[in-house]
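Trainee:
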Amino acid sequence: MLPTLILRAASTSAAKVVLPVQSIGHRVLPPRQSLYQVLARLPNDGIGFGLLQTRWRGKQILDSYWHISRVKLRADGTRGRAWGKLVCVGRVVSQEPEKISGGLKYFWTTISPNVIPLPKNPPGGDLSSAPKPPEAAPRRVPT
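Taking the UniProt record's numbering, the leading residue of the sequence shown gets 1, the next gets one more, and so forth.
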């Protein structure tokens, strides 16, 4: 009983501490979604879009993503299968689409804040010349 009294006393007398909002990727604290949940929300089930695992940004793996080429989703959009080409540091690793593993195991997001489809057949497999969205304006944090 004593610990609960201390917690209650501490919670009522202490002022709320407001921490500054930190941007994670291109959204502020994005919802954690599986690959298939993200694909279900994109037009044409995400075919032609670039998606990456959110943990790649934390590991500083930049310019690496999956270029989605084929998708089979279940009716509810929470499970399915997806195929695509892995792009590692701007270069296509495999010329043929391969099945994307870890769709339910990890959290996924789009490669840019302004979601744009990638070219279907880039010359020489080089996606470095793909159209890039304009940079998002820096967000002001109230002080």
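Using N, Cα and C, we set each Cβ at its ideal position, and we do this for glycine too.
On the three-state DSSP scale, how would you describe Ala40?
Mentor: The answer is helix: DSSP assigns Ala40 an H, G or I state.
Trainee: Using a Cβ-Cβ cut-off of 7 Å (strictly less than) and excluding sequence neighbours within five positions of Asp63, which residues of its own chain qualify?
Mentor: If we look at Asp63 and ignore the five residues flanking it on each side, its Cβ neighbours are Val89 and Gly90.
Trainee: Should Ser101 go down as buried or exposed, given a rule of 16 or more other Cβ atoms within 10 Å for buried?
Mentor: Burial call: exposed.
Trainee: Ala75 bridges to which residues according to DSSP?
Mentor: Per DSSP, none; premise fails for Ala75.
Trainee: What is the DSSP secondary structure of Arg57, counted as helix, strand or coil?
Mentor: Three-state result, Arg57: helix.
Trainee: In the DSSP assignment, what residue or residues form a beta bridge with Glu98?
Mentor: Answer by DSSP bridge pairing, in chain order: Gly84.
Trainee: Apart from the five residues just before and just after Lys72, which ones in its own chain have a Cβ nearer than 8 Å to its Cβ?
Mentor: Result list for Lys72: Gly80, Arg81 and Ala82, in chain order.
Trainee: Based on the DSSP secondary-structure assignment, which residues constitute the bridge partners of Gly50?
Mentor: DSSP lists His67 as partners of Gly50.
Trainee: Measuring only the C-alpha atoms, how far is Lys99 from Lys59?
Mentor: Straight-line Cα distance between these residues: approximately 23 Å.
Trainee: Taking buried to mean at least 16 other C-beta atoms within 10 Å of its own C-beta, is Ala75 buried or exposed?
Mentor: The residue in question, Ala75, is exposed, as its Cβ has fewer than 16 Cβ neighbours within 10 Å.
Trainee: Using the Cβ count rule (16 or more neighbours within 10 Å means buried), how would you classify Ser34?
Mentor: Label assigned to Ser34: buried.
Trainee: Starting from the C-beta of Tyr106, find all residues in its chain whose C-beta is less than 7 Å away, skip the five residues before and the five after it, and write them out in chain order.
Mentor: Correct list, in chain order: Gln53 and Arg55.
Trainee: Below 9 Å between beta carbons: does that hold for Trp66 and Leu42?
Mentor: Not in contact: Trp66 and Leu42 (Cβ atoms no closer than 9 Å).
Trainee: Tell me which same chain residues have a C-beta within less than 8 Å of the C-beta of Thr78, skipping the five on either side of it?
Mentor: Cβ neighbours of Thr78 beyond the five flanking positions: Ser34, Tyr36, Gln37 and Ala40.
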